[in-house]
Each structure stands twice: as C-alpha cells, then as structure tokens.
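Engineer: Please find one structure pasted underneath; my questions will follow.
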Amino acid sequence: MQKKLQDLLLEMLNAEDGKEIEVTGDEDLLKKFKLLLLSLNQEIIVEEKNRIVYRKRA
C-alpha cells in the first residue's frame with residue numbers, strides 16, 4: 003500500500019523526539035514531505051531519490 007502525505011506526517015508527529023525515521027516512496031511524495039520536514043525544522047540526515055532519513059526534533 004502506498005503511503006500518503008498525511009500518513010507520513012502522522013508517523014512523524016507520533017514518533018519520539020530524537021528518533022531516526024526512514025521513509026521510502028515515490029519521488030513526488032517525498033519532495034512534498036521534505037518541504038514539510040524543512041518547514042517544521044526537522045533534521046534530514048539522508049536524502050535520496052526514493053528515500054529520506056530524518057531525525058525528529060521537538
């Protein structure tokens with residue numbers, strides 16, 4: 003099942019602070035999610051075409 007942007011955002015909001023989270027999906031979805039992460043001041047550790055790893059900040 004393909005994750006939606008809403009699912010990725012809920013996963014991020016429910017994660018513990020400091021936890022590293024890996025997200026995979028299509029390139030368009032991850033571009034949108036990256037913008038959300040940056041606007042919410044989250045730390046992006048790895049960014050690839052179909053993968054993002056980020057650390058949740060408070």
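Per this note's numbering, numbering of the sequence shown is gapless, rising by one per residue and ending at 60. Note that CB positions come from ideal geometry on N, CA and C, so glycine has one too. Please read all numbers here as calculations on a predicted model, not as lab measurements.
Would you mind sorting L15 into buried or exposed? The rule is 16 or more other CB atoms within 10 Å of its CB.
Structural biologist: Position 13 of the sequence shown holds residue 15. Here L15 is exposed. Its C-beta has fewer than 16 other C-beta atoms within 10 Å.
Engineer: So what's K13 in DSSP terms, helix, strand or just coil?
Structural biologist: Position 11 of the sequence shown holds residue 13. Note on residue identity: the sequence assigns Glu, not Lys, to residue 13. Reduced to three states, the DSSP call for E13 is helix.
Engineer: On the DSSP bridge assignment, give the partners of R53 in chain order.
Structural biologist: Within the sequence shown, the letter at position 51 stands for residue 53. Beta-bridge pairing by DSSP links R53 to T26 and E50.
Engineer: If we call anything under 8 Å between Cβ atoms a contact, is R57 one with E45?
Structural biologist: For the purposes of this step, residue 57 is taken as the residue at position 55 of the sequence shown. For the purposes of this step, residue 45 is taken as the residue at position 43 of the sequence shown. For R57 and E45, yes; Cβs fall inside 8 Å.
Engineer: Roughly how many angstroms separate the alpha carbons of L31 and L11, rounded to a whole number?
Structural biologist: For the purposes of this step, residue 31 is taken as the residue at position 29 of the sequence shown. For the purposes of this step, residue 11 is taken as the residue at position 9 of the sequence shown. Cα to Cα, L31 sits roughly 12 Å from L11.
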